[in-house]
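A.B. asks:
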Amino acid sequence: MFISCFLGLWYSFKIHDGLNHFILKKTKMINLSEDNLIGPPKLTRFERARIVGARALQISLGAPILAPIPEDVIDTIDIAVIELNEKVLPMTVRRKLPEGTYQDIPLFDLLQQRVIS
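Its first residue numbered 77, the sequence shown is counted upward by one per residue in the working numbering.
#1: So the candidates are L137, A139, G138, D154; which of them puts its Cα closest to the Cα of I145?
#2: May I have the straight-line CA-CA distance separating I135 from T120, to the nearest angstrom?
#3: Quick check on DSSP: helix, strand or coil for Q134?
#4: Please look up how many angstroms separate the CB atoms of E159 and R131, rounded, as I've assumed it's under 8 angstroms.
#5: Kindly list the residues whose CB is nearer than 7 angstroms to the CB of G115, restricted to its own chain and excluding five residues on each side of it in sequence; keep chain order.
#6: What does the Cβ neighbour count give for Q179, buried or exposed, with the cut at 16 atoms within 10 Å?
#7: Take T152 and list the residues in its own chain whose beta-carbon comes closer than 7 angstroms to its own, dropping the five residues that flank it on each side.
#8: Check each candidate in A125, R124, D148, A156 and name the one with the smallest Cα separation from A139.
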């Protein structure tokens with residue numbers, strides 16, 4: 077997928093079925109503000125599952141561990157949950173609307189609401 081910006085609008089080009097057909101989809105990023113969030117102001121359970129799964133995959137592929145982990149914890153999913161609870165993951169959540177607009181929200185801002193268990 078190729079992404080480019082023109083006049084503040086983001087265009088994404090996708091290669092379809094391995095052929096040289098391009099699908100043009102216009103998206104627009106909206107600014108982050110307290111009163112204009114897409115979705116709830118906290119991390120949803122679906123976003124939590126996606127983040128824990130992605131981080132567990134990174135750890136299993138050899139990524140460095142970012143938080144102090146007890147020596148008896150060896151499962152990558154448990155390590156990812158500990159890192160998420162410690163709020164040390166430098167990730168961004170992208171929330172999209174059906175019309176194509178999206179909002180990038182830092183994970184740290186979504187974790188300010190509550191501790192994930």
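C-beta atoms are modelled at their ideal positions from N, C-alpha and C, and glycine is treated no differently. Being a predicted model, the structure only gives us computed values, none of them experimental.
C.D. replies: The short version:
#1: D154
#2: 22 angstroms
#3: helix
#4: 6 angstroms
#5: R171
#6: buried
#7: A132, I135, S136
#8: A156
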